[in-house]
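Per our numbering, residue 91 is the first one in the sequence shown, and the count goes up by one each step.
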Amino acid sequence: MVKRGAETCMKCGFCMSVCPVYLVDHVETHVARGRNMLINTWAEGLIPPIVSYKEALYFCILCGRCESVCPAKVPNVEITLEARNSLVKRRGLGLIQQIIYQLLLYKRGFLAGLLRLISHVPGLSQKDAPPLRHIADSFFLFSKPISIPKLRKPFLRERISSLKSKEQSKEIAFFPGCAFEFIYPEVGEKIFHLLRSLGLNIEYPEGLLCCGYPVYCAGDKNTAKKIALRNIKILSDYKLIITGCATCMSGLRGYKDWFEETDEYKSLAEDVSSKVMALSEFLANENFTFSSEYSGSIVTYHDPCHMKWHHAIYDEPRKVISSISRIKFIEMKDEDMCCGLGGAFGITHRNISLELQRKKIESIKETGARIVVTECPGCMLQIAEGIKRFSLPTQVLHIAELLMTG
Ligand code: SF4
Ligand code: SF4
Numbered sequence: 091m092v093k094r095g096a097e098t099c100m101k102c103g104f105c106m107s108v109c110p111v112y113l114v115d116h117v118e119t120h121v122a123r124g125r126n127m128l129i130n131t132w133a134e135g136l137i138p139p140i141v142s143y144k145e146a147l148y149f150c151i152l153c154g155r156c157e158s159v160c161p162a163k164v165p166n167v168e169i170t171l172e173a174r175n176s177l178v179k180r181r182g183l184g185l186i187q188q189i190i191y192q193l194l195l196y197k198r199g200f201l202a203g204l205l206r207l208i209s210h211v212p213g214l215s216q217k218d219a220p221p222l223r224h225i226a227d228s229f230f231l232f233s234k235p236i237s238i239p240k241l242r243k244p245f246l247r248e249r250i251s252s253l254k255s256k257e258q259s260k261e262i263a264f265f266p267g268c269a270f271e272f273i274y275p276e277v278g279e280k281i282f283h284l285l286r287s288l289g290l291n292i293e294y295p296e297g298l299l300c301c302g303y304p305v306y307c308a309g310d311k312n313t314a315k316k317i318a319l320r321n322i323k324i325l326s327d328y329k330l331i332i333t334g335c336a337t338c339m340s341g342l343r344g345y346k347d348w349f350e351e352t353d354e355y356k357s358l359a360e361d362v363s364s365k366v367m368a369l370s371e372f373l374a375n376e377n378f379t380f381s382s383e384y385s386g387s388i389v390t391y392h393d394p395c396h397m398k399w400h401h402a403i404y405d406e407p408r409k410v411i412s413s414i415s416r417i418k419f420i421e422m423k424d425e426d427m428c429c430g431l432g433g434a435f436g437i438t439h440r441n442i443s444l445e446l447q448r449k450k451i452e453s454i455k456e457t458g459a460r461i462v463v464t465e466c467p468g469c470m471l472q473i474a475e476g477i478k479r480f481s482l483p484t485q486v487l488h489i490a491e492l493l494m495t496g
């Protein structure tokens with residue numbers, strides 16, 4: 091249940107000066123002020139046409155930037171998600187969404203098996219072939235396909251299972267999420283090794299699913315809660331949960347709000363949410379210092395929305411980067427502006443997504459940095475694709491890839 095509803099919006103329009111979507115398309119119903127008015131109208135039974143209502147609800151990238159300037163402290167992200175959930179309850183999900191959320195993301199073993207099968211298709215896990223994103227494009231009939239890395243086998247679970255593991259201590263759990271499991275398993279492995287090299291008893295628990303956040307954002311709260319519950323039961327055994335994915339961090343920390351007060355799992359969800367930390371947050375809090383094979387390079391940092399706007403994590407990655415000797419850090423313009431991916435938004439709202447990507451690449455280019463660091467695999471995909479599109483001599487790295495211990 092949202093604490094403050096859309097009716098608390100004062101219609102001041104401050105959100106219009108910062109909303110990445112509105113700054114591109116200038117459509118009133120695509121920013122919090124207009125959307126809140128529509129949500130109120132819908133709630134009062136003065137029903138706008140279903141198509142325009144649905145369009146307005148899904149034209150939000152859920153970055154949370156508008157909340158930072160809102161004088162009435164309207165929780166726009168929460169309100170939009172609640173409205174999506176109500177709409178899905180009344181109208182249901184499309185078939186493709188049902189397959190993705192209720193089958194693929196809920197049945198991790200099935201998803202892994204399917205991806206393993208797909209990876210045998212010539213090209214999808216080889217070097218010079220059509221990228222995975224084309225599969226998504228073909229579903230949505232888009233004319234501007236963009237590329238993402240191919241599936242990288244072996245997936246993370248196999249890589250980590252094959253490591254000689256320390257005795258199960260149930261001390262710290264590593265939550266990699268889907269992208270580090272299937273698309274960037276080498277980065278997931280790097281994060282795991284980095285934490286172990288710091289002497290931590292970190293484990294990758296068996297049985298974890300997707301964090302559920304993409305499902306929650308689509309409005310299918312019911313399936314998202316089922317996914318969350320499975321993760322909660324596994325993660326509640328641990329004292330600390332570390333993830334290298336900003337979106338997973340937001341999802342896991344949000345579990346506490348996905349369950350009603352009366353729900354028997356509410357307190358367990360609260361317990362799990364309270365133990366989740368982003369990688370850089372953990373490293374900065376513990377005051378670790380690092381060296382880097384990129385020492386001597388110019389580096390810039392892109393703030394994932396889930397770090398900066400959802401959880402106010404901004405200084406921590408900068409503290410970690412500045413602990414490396416001989417790294418020249420240059421802040422980019424609009425470092426905390428969305429890169430344009432926003433999960434499914436990057437597929438379903440391609441033109442806006444590409445324009446935001448263009449702006450991000452422009453900001454990176456102005457710094458002259460050869461390395462752009464971030465902490466979300468989604469942002470990595472979007473920025474890497476933009477770098478390729480604009481032929482920038484820059485490399486995108488997850489923060490763990492920048493760091494070496496000792
Ligand atoms: S800034 Fe807040 S109060 Fe003002 S219009 Fe936007 S959502 Fe409403
Ligand atoms: S959450 Fe982001 S995209 Fe959505 S209205 Fe607010 S600023 Fe715009």
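The beta carbon of each residue, even a glycine, is placed where N, CA and C say it ideally should be.
At least one heavy atom of ligand 1 sits closer than 8 Å to the Cβ of Asn-126.
Burial check for Gln-188: the Cβ neighbour count within 10 Å stays below 16, so the residue is exposed. For Leu-193, no beta strand (DSSP E) segment is defined, and its DSSP state is neither H nor E. In this structure, the straight-line span from the alpha carbon of Thr-379 to that of Ile-414 is close to 7 Å. In the structure shown, Met-427 adopts coil according to DSSP, grouped into three states. For Ala-368, the pairing in a beta bridge is given by DSSP as Thr-333. Exclusion of Gly-344 from the 8 Å shell around ligand 2 follows from its C-beta lying no nearer than that to any non-hydrogen atom of the ligand. Assigned with DSSP and collapsed to three states, Leu-185 falls in helix.
Taking the Cβ atoms as the reference, Cys-335 lies roughly 11 Å from Phe-264, outside the contact range of under 8 Å.
In the DSSP secondary-structure assignment, Ile-262 is bridged to Ile-292 and Leu-330. Here Ile-169 really is in contact with Asn-126; their C-beta atoms are around 7 Å apart, less than 8 Å. Put simply, the stretch 132-141 does not touch the stretch 471-485. Fewer than three CB pairs are less than 8 Å apart.
Here the alpha carbon of Arg-180 sits roughly 16 Å from the alpha carbon of Tyr-306. Its chain contains Gly-309 and Lys-311 as the residues whose beta carbon lies nearer than 7 Å to that of Asn-175, once the 5 sequence neighbours on both sides are disregarded; these appear in chain order. According to the DSSP secondary-structure assignment, His-488 is paired through a beta bridge with Thr-464. Ser-381 is bridged by DSSP to Met-494.
Each residue's CA atom was taken as its position, placing Ala-359 and Leu-299 some 15 Å apart.
Between the stretch 273-291 and the stretch 331-345 there are three or more inter-stretch CB-CB distances shorter than 8 Å, so the stretches are counted as touching.
Checking the 8 Å criterion, the Cβ of Leu-431 is out of range of every heavy atom belonging to ligand 2.
The beta carbons of Ile-454 and Leu-482 sit about 7 Å from each other, so the pair counts as a contact at 8 Å. Contact between the stretch 149-159 and the stretch 431-443 is present, with at least three C-beta pairs closer than 8 Å.
Within 10 angstroms of the beta-carbon of His-116 lie fewer than 16 other beta-carbons, which makes it exposed. Ligand 1 has no heavy atom closer than 8 Å to the beta-carbon of Ala-173.
Taken atom to atom, the span from the alpha-carbon of Thr-438 to that of Gly-289 is near 43 Å. Within 8 Å of the C-beta of Cys-102 there is at least one heavy atom belonging to ligand 1.
Just measuring C-alpha positions, the residue of Tyr-196, Lys-418 and Ser-412 sitting nearest Ile-388 is Lys-418. Rounded to whole angstroms, the separation of the alpha carbons of Arg-343 and Glu-351 is 16 Å.
Under DSSP, Thr-390 takes part in a beta bridge, and its partners are Val-462. As computed with DSSP, Phe-419 is found in a beta bridge with Val-389. The beta carbon of Asn-291 is closer than 8 Å to those of Lys-256, Ser-259, Glu-261 and Ile-262 in its chain, skipping five residues each way along the sequence. Rounded to the nearest whole angstrom, the C-alpha separation of Pro-394 and Ser-340 is 11 Å.
Relative to ligand 1, Cys-99 has its C-beta within less than 8 Å of a heavy atom. Taking a 10 Å sphere around the C-beta of Leu-373, we find 16 or more other C-beta atoms and assign the residue as buried. Burial is judged here by how many other beta carbons sit within 10 angstroms of a residue's own beta carbon; Arg-416 has fewer than 16 and is exposed.
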